[in-house]
Amino acid sequence: MIDNKPIEVELASKLVTLVLNKYGLLDPAGIGLSYEANKPGWNDAMNGLPGLFGSGVSEMFELKKLNHFLVDAFEKANDHTIEVLTPLLDLIALYQKLEGDGYALWDQRVTALENYRKALLNPLSLSKVSSKAVLTVLKKIELDLNEANQKAMALDDIFPTYLTFEATKFEQVLDNNAPVIGHYGLPLVKVLAFEMAKIPPFLEAPARFLKQTNDKVYAKKLYTAIKQSELYDKKQKFYQTSVSLDAFSNEIGRIRAFTKGW
């Protein structure tokens, strides 16, 4: 709301805002999009993943698709301008300054997104931004998502749908040498390093990838690997949503209560 009136902007503004927000959620490995709610993505039975710093590769592919659509649209926009919430201008500027890789890059990106969200709590206004400025940051995002795509493909013959991250190094958050206590009544820490782990294959991420890839050679290779894996029930002749998750505890979510492959 601005002056107690609903905010009205064009569709392009909403889609740019969506892409910039989702891009800020790229995980520490720069592969999937981190989950924040207790019902991640399409599969709410994996509701334990947010507590494991979990991320989704499927969502990365969808973000890549949407971002490519916007890049194509803004390349044709000439000198068009759009109106966005003013804090988004700062987010665009911060994204353009991102540098480094690994944890350092992730920390910069997430910090920029968190600062943007804090700014939304203040009185809001709209500002104009040129299509050229928007296109610059979208192209940067496109490069990062193309790299995320390559990283995912390099993980395994069938790349995972879900990733988790374990904090391997952290420091306590202090205020006047006293620990800062969070709303759960526990001392807060700042994570300094993560170790990535893969959840066994689901069909979702490969399916979303196959919907948008133009690489027919890799697509055939991926299809063959899936057909020869536990994702395909050779006796019943149908695909399953995932391979067995028996090696995992209930920590990943209530999916552990389901029939294998459901």
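So my numbering is basically just the index in the sequence shown, starting at one, shifted up by 9. Each residue gets a CB set at the ideal place from its N, CA and C atoms; glycine is no exception.
- The bridge partners DSSP lists for residue 137 are 92.
- Annotation: the continuous alpha helix (DSSP H) that includes residue 219 extends over 213-221.
- Between residue 190 and residue 215, the C-beta gap is not smaller than 8 angstroms, which leaves the two residues out of contact.
- When the Cα atoms are used, residue 183 and residue 199 turn out to be separated by approximately 10 angstroms.
- Collapsing the DSSP output to three states places residue 157 in a helix.
- The Cβ neighbour count for residue 226, taken over all protein chains shown within 10 Å, is under 16; the residue is labelled exposed.
- Taking all protein chains in view, the Cβ of residue 202 is surrounded by fewer than 16 other Cβ atoms within 10 Å, so the residue is classified as exposed.
- If you check the CB distance, residue 40 and residue 66 come in under 8 angstroms.
- The shortest C-alpha to C-alpha distance from residue 98 to any of 85, 129, 68, 80 is the one to 129.
- Looking at the DSSP output, residue 203 bridges to 176.
- When DSSP states are grouped into helix, strand and coil, residue 198 belongs to the strand group.
- In this structure, the alpha-carbon of residue 10 lies about 6 angstroms from that of residue 16.
- Closest in C-alpha terms to residue 134, from the list 60, 92, 68, comes 92.
- Distances from the alpha-carbon of residue 262 to those of 27, 18, 55 put 55 closest.
- Residue 211 sits close to residue 170, with the two beta carbons spaced by under 8 angstroms.
- Here DSSP, grouped into helix, strand and coil, assigns residue 40 to coil.
- Within the stretch 71-117, the runs of alpha helix (DSSP H) that reach at least 4 residues and sit entirely inside it are, in chain order, 96-105.
- Taking the CA atoms as reference points, residue 107 sits about 14 angstroms from residue 154.
- Boundaries of the alpha helix (DSSP H) around residue 21: 20-32.
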